[in-house]
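Numbering (the UniProt record's numbering), first residue to last: 1 to 306.
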């Protein structure tokens, strides 16, 4: 779907939605709410936030997780105006991925508290550090944990909980032989710091989300529902000449249900140990678009949570 057609048709009508979702809109009743991280549709949000949010609402999303882009977490709007846009569309902002500097640099606390106050005014209850950059050793990760504790204590002043969102780096051994993710779990205060498990990255690095949920019950309030291609497709992607770095491998995410993750079992175990918030994310779109796959993912989540 090109931008012109997207803006023209992004209304609550069958024409605006992929064929698979015609007749299914956010008006569906009796469903558990689920959200989407706006990173999935970051280009569309940059071009036209209102139309993009309306499209997501029409697909069935009820919740939004924003992130700190070039225009900030409110996409160039004041907190009040962004709140009104979401309210008009029946959307709730529940969380935000915020600048890692707030965890690392105590001198940013005033700015962080102002951001928490603004987010809380929209009803958001969580902020997450999405990636602090490379850490050299176990001591660096322990210092990061101290920063998360400090940040968590500060944010609670506005009723906002702080947390950490993983990628794959957190599961690579430090020179001392520690698993950074486990260090973060053990060095952070559960009363101050939550975790948002990115299921895709955990599986891609060889972790089992179910094992993580069971190892640390009560620590995971959020999860990113993000599928990983099956091994054959991953091998094809990795054999390509797509750009990559030592820090960031070639992405291999796909729409929900098209990959290898057992979301039904992950959801069952996760909910049994405190998982409450289910956030869709996708970064790779082969022969599709972020908008169309976002609607596919909404339908998958609707069925998964029913």
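Beta carbons: idealized from backbone N, C-alpha and C, even for Gly.
Cβ-based burial, residue i [other Cβ within 10 Å; buried from 16]
i: residue 282; result: buried
i: residue 37; result: buried
i: residue 262; result: exposed
i: residue 340; result: Since the first residue shown for the chain is 1 and the last is 306, residue 340 is missing from the structure and cannot be characterised.
i: residue 306; result: exposed
i: residue 2; result: Any answer about residue 2 is weak, because its pLDDT of 37 lies below 50 and its placement is not dependable; what the coordinates show is given next. The residue is exposed, with fewer than 16 neighbouring Cβ atoms inside 10 Å.
i: residue 215; result: exposed
i: residue 106; result: exposed
i: residue 240; result: exposed
i: residue 49; result: buried
i: residue 226; result: buried
i: residue 252; result: buried
Check whether residue i and residue j have beta carbons under 7 Å apart
i: residue 148; j: residue 103; result: yes
i: residue 137; j: residue 100; result: no
i: residue 177; j: residue 162; result: no
i: residue 119; j: residue 96; result: yes
i: residue 90; j: residue 64; result: no
i: residue 145; j: residue 174; result: no
i: residue 206; j: residue 274; result: no
i: residue 297; j: residue 222; result: no
i: residue 67; j: residue 74; result: no
i: residue 197; j: residue 220; result: yes
i: residue 79; j: residue 141; result: no
i: residue 168; j: residue 131; result: no
i: residue 94; j: residue 124; result: yes
Residue i to residue j span [Cα, whole Å]
i: residue 270; j: residue 264; result: 10 Å
i: residue 201; j: residue 116; result: 27 Å
i: residue 86; j: residue 211; result: 36 Å
i: residue 165; j: residue 267; result: 18 Å
i: residue 190; j: residue 39; result: 27 Å
i: residue 171; j: residue 203; result: 10 Å
i: residue 195; j: residue 304; result: 22 Å
i: residue 254; j: residue 43; result: 18 Å
i: residue 159; j: residue 302; result: 29 Å
i: residue 53; j: residue 111; result: 27 Å
i: residue 134; j: residue 186; result: 20 Å
i: residue 286; j: residue 46; result: 21 Å
i: residue 154; j: residue 126; result: 12 Å
i: residue 98; j: residue 143; result: 18 Å
i: residue 295; j: residue 113; result: 35 Å
i: residue 92; j: residue 299; result: 19 Å
One or two residues paired with residue i in a DSSP bridge
i: residue 164; result: 129 and 195
i: residue 254; result: 227
i: residue 65; result: 37 and 95
i: residue 280; result: 36 and 225
i: residue 220; result: 195
Short CB-CB distance (under 7 Å) between residue i and chain B
i: residue 108; result: Here there is only one protein chain, and chain B is not present.
With contact counted as at least three CB pairs below 8 Å, one residue from each stretch, are the region 225-242 and the region 251-259 in contact?
-> For the pair of segments examined, the region 225-242 was found to touch the region 251-259: the number of CB pairs separated by less than 8 Å reaches three.
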